[in-house]
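Trainee:
Residue numbers (my numbering), protein chains in the order written: chain P, 1 to 482; chain E, 1 to 126.
1. Evaluate residue 395/P with the Cβ neighbour count: other Cβ atoms within 10 Å of its Cβ, from every protein chain shown; 16 or more gives buried, anything less gives exposed.
2. Hey, does residue 470/P have any beta-carbon neighbour from chain E nearer than 8 Å?
3. Would you kindly check if the distance between the Cβ of residue 126/P and the Cβ of residue 311/P is under 8 Å?
4. Under 8 Å, do residue 67/E and residue 26/E count as touching if we go by C-beta distance?
5. Looking at the structure shown, is residue 27/E part of a helix, part of a strand, or coil, going by DSSP?
6. Assuming residue 88/E contacts residue 40/E (C-beta within less than 8 Å), just tell me the rounded distance between them.
7. Can you find a C-beta in chain P that's less than 8 Å from the C-beta of residue 59/E?
8. Residues of the region 450–469 of chain P in Cβ contact with chain E at a cutoff of 8 Å, in chain order, please.
9. Pick out the complete beta strand (DSSP E) segments inside the region 378–435 of chain P, 3 residues or longer, and give them in chain order.
10. Select from 424/P, 468/P, 416/P and 400/P the residue whose C-alpha is nearest the C-alpha of residue 457/P.
11. Can you give, in chain order, each stretch of the beta strand (DSSP E) that sits fully within the region 76–130 of chain P and has at least 3 residues?
12. Under the rule that 16 or more other beta-carbon atoms within 10 Å means buried, what is residue 164/P, buried or exposed?
13. Beta-carbon of residue 408/P versus every beta-carbon of chain C: anything under 8 Å?
14. Within the same chain, show all residues whose beta-carbon is closer than 7 Å to that of residue 430/P, passing over the 5 residues directly before and after it, in chain order.
15. Residue range of the beta strand (DSSP E) that residue 19/E falls in?
16. Please check if any C-beta of chain E sits within less than 8 Å of the C-beta of residue 411/P.
17. Measure from the alpha carbon of residue 261/P to the alpha carbon of each residue in 107/P, 280/P, 25/P and 441/P, then state which is nearest.
18. Is residue 348/P helix, strand or coil when you go by DSSP?
19. Only counting the same chain, and skipping five residues up and downstream in sequence, which positions put a Cβ closer than 6 Å to that of residue 210/P?
20. Quick one: which unbroken beta strand (DSSP E) runs of 3-plus residues sit fully inside the region 227–269 of chain P? Chain order, please.
21. Can you look up residue 303/P in the DSSP assignment and give me helix, strand or coil?
22. Helix, strand or coil for residue 157/P, going by three-state DSSP, please let me know.
23. Using a C-beta cutoff of 8 Å, does residue 89/E count as contacting chain P?
24. Any beta carbon from chain P within less than 8 Å of residue 40/E's own beta carbon?
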């Protein structure tokens with residue numbers, strides 16, 4: 001398809017301005033640009049068609065199934081949008097007097113309380129703007145805690161080898177050194193390796209539970225105990241909270257602080273549609289270090305701001321992505337105390353149904369058919385037998401209007417496809433996915449070579465990722481006439 | 001089957017090493033580059049940096065993942081192959097020519113395999 005610059009016609013324009021009714025201002029010559037900016041010149045109708053064409057080439061939850069593992073691409077109910085569009089939430093300014101935005105403060109306070117309850121934490125901040133930002137904030141709390149005790153020797157963060165890549169990256173950003181611990185044969189943390197890694201230099205552990213293999217670590221209480229006995233703190237990466245919300249709480253497992261991804265678990269826009277939000281929760285003893293200002297409720301019932309005494313400082317301007325928080329609040333209130341655990345139970349049921357059906361179909365599930373909210377397929381055996389890789393399977397799914405599962409992650413499974421259906425998909429959609437996967441398996445065995453060329457019906461086939469990474473073109477190159 | 005030159009030594013984490021007058025040249029093996037796929041970015045240490053046997057001293061990035069490169073020896077970096085920064089593909093094209101660093105003042109050499117033992121190790125991992 002043509003770019004805007006290629007659709008541009010010199011002199012064509014759309015805007016019809018009203019007559020100038022204010023005095024004209026003469027700018028200093030030095031402030032004026034010498035050459036007109038090279039902007040596309042086109043009619044509104046052509047511009048509209050361009051963006052509509054682009055929109056047609058995307059894939060979102062409104063287009064079709066989106067089982068992108070570890071991303072929780074659930075459907076976001078429209079009511080969230082309606083609530084977030086209320087003028088009382090939108091027509092405000094972060095610097096306006098507290099007395100005039102009591103409703104907004106109340107909404108933040110209420111959401112913080114509900115998230116804290118779901119996570120088993122005592123205090124929350126809504127400031128972090130995404131998951132990794134939340135991780136970084138949580139690690140700042142851990143660092144501040146050790147430093148205020150005068151314990152400066154704790155420089156290491158322990159991370160399992162099945163972790164999201166953001167965990168070690170956040171730890172390094174926060175000034176720690178990363179120690180990786182391997183997984184055991186069942187996909188959980190190797191306890192002996194953890195005991196060997198934990199010591200007087202351990203600042204903390206970062207763990208996702210259930211982990212990226214979709215497995216709930218049965219040793220979780222022991223894991224937290226080992227880290228605590230070594231003097232470290234435990235950080236819960238809430239990326240996979242959708243598997244356990246309403247059933248099990250990180251705080252009860254032994255974790256000291258957490259982040260949750262509102263854009264995953266709590267049904268706010270996600271994947272190009274953001275912005276995200278990664279609130280951080282902690283136990284009472286870490287609350288003095290939280291980013292400020294925090295929303296507090298006074299004795300008179302009015303909400304106001306308070307700066308925690310030993311705050312690590314702001315991690316974002318003002319109060320985070322406020323309207324995202326409003327959407328999450330709408331979601332939690334809609335589902336209620338019964339709906340929250342039902343949502344996660346359905347997510348787990350959907351994943352187990354798919355895992356079972358795909359194993360029946362002939363796919364290899366390296367950690368068995370039982371899982372939490374997601375599971376990993378190993379296409380290694382398929383590749384050895386037919387030459388068809390996880391990449392080929394993923395690309396072929398595009399032809400069927402399905403967003404492929406997460407590929408080549410977690411790294412400990414080499415030909416991984418990580419499937420997370422979420423609770424918002426009906427049985428018919430899951431069955432349709434299974435039949436497409438059966439068809440691909442059949443094609444792999446009968447015409448495997450062909451699959452290396454998939455997808456066949458998409459606007460773009462296989463982009464040359466290697467050249468794009470090695471020699472990126474980051475801006476439009478004008479021709480001679482430009 | 002990947003190429004494994006007789007005259008080099010190897011680590012189980014797929015680095016190759018050659019020792020000339022106590023200066024150790026280190027790179028990634030053919031097996032490693034094949035497993036990683038097309039490399040698009042390399043992160044290298046600087047001259048005078050200390051490296052420790054068994055610990056990461058560089059990392060390489062493919063379109064799939066970022067992977068650490070581990071040092072087979074403890075010592076000090078005396079030379080860095082900066083050409084790799086602009087041409088990470090040379091690791092794919094010529095793994096035994098595309099050395100990463102040269103290390104001197106070596107105080108410890110980790111466990112190394114000869115070509116035959118390394119070939120057996122690759123066989124096991126494949």
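Every residue, glycine too, gets a C-beta built ideally from N, C-alpha and C.
Mentor: Put simply:
1. In the first chain, residue 395/P corresponds to position 395, counting from 1. Buried, by the Cβ-count rule.
2. For the purposes of this step, residue 470/P is identified with residue 470 of the first chain, where counting begins at 1. Cβ-Cβ to chain E under 8 Å: yes for residue 470/P.
3. Taking the first residue of the first chain as 1, we reach residue 311/P at position 311. Taking the first residue of the first chain as 1, we reach residue 126/P at position 126. No.
4. Walking along the second chain from the start, residue 67/E turns up at place 67. Walking along the second chain from the start, residue 26/E turns up at place 26. Contact flag unset, no.
5. Position 27 of the second chain, counted from the first residue, corresponds to residue 27/E. Correct three-state label for residue 27/E: strand.
6. Position 88 of the second chain, counting from 1, holds the residue named residue 88/E. Position 40 of the second chain, counting from 1, holds the residue named residue 40/E. Contact check for residue 88/E and residue 40/E: beta-carbon distance about 6 Å, within the 8 Å limit, so the pair qualifies.
7. Translated into positions along the second chain, residue 59/E becomes position 59. Look at residue 59/E: its C-beta is not under 8 Å from any C-beta on chain P.
8. Against chain E - using a Cβ distance shorter than 8 Å - the residues of the region 450–469 of chain P are 465, 466 and 469.
9. Here the runs fully enclosed are 416–419.
10. Counting from one through the first chain, the residue named residue 457/P turns up at place 457. Ranking the options by Cα distance to residue 457/P, first place goes to 400/P.
11. DSSP runs (the beta strand (DSSP E)) wholly in the region 76–130 of chain P: 123–125.
12. On the first chain, position 164 is the one that residue 164/P refers to. Under this definition residue 164/P is a buried residue.
13. Annotation note: the requested chain C is absent from the structure, which comprises protein chains P and E.
14. Within the first chain, residue 430/P is the residue found at index 430, counting from 1. In its chain, beyond the 5 residues on either side, 350, 353, 354 and 421 have a beta carbon closer than 7 Å to the beta carbon of residue 430/P.
15. Taking the second chain and counting its residues from 1, one reaches residue 19/E at position 19. Element bounds for residue 19/E: 15–20.
16. Taking the first chain and counting its residues from 1, the one referred to as residue 411/P is at position 411. For residue 411/P, at least one C-beta of chain E is nearer than 8 Å to its own C-beta.
17. Translated into positions along the first chain, residue 261/P becomes position 261. Closest option to residue 261/P, Cα to Cα, is 280/P.
18. In the first chain, residue 348/P corresponds to position 348, counting from 1. Under the three-state reduction of DSSP, residue 348/P is assigned to helix.
19. Here residue 210/P corresponds to residue number 210 of the first chain, with the count starting at 1. Here residue 210/P has 216, 240, 243 and 372 as same chain residues with Cβ atoms under 6 Å from its own Cβ, once five neighbours each way along the sequence are excluded.
20. For the beta strand (DSSP E) assignment, the uninterrupted runs of no fewer than 3 residues enclosed by the region 227–269 of chain P are, from N- to C-terminal side, 233–238 and 257–260.
21. In the first chain, the residue the question calls residue 303/P occupies position 303. Reduced to three states, the DSSP call for residue 303/P is strand.
22. In the first chain, counting from the first residue as 1, residue 157/P sits at position 157. Strand at residue 157/P.
23. Locating residue 89/E in the second chain gives position 89, counting from the first residue. At a cut-off of 8 Å between beta-carbon atoms, residue 89/E makes contact with chain P.
24. If you number the second chain from 1, residue 40/E lands on position 40. With 8 Å as the cut-off, residue 40/E counts as an interface residue toward chain P.
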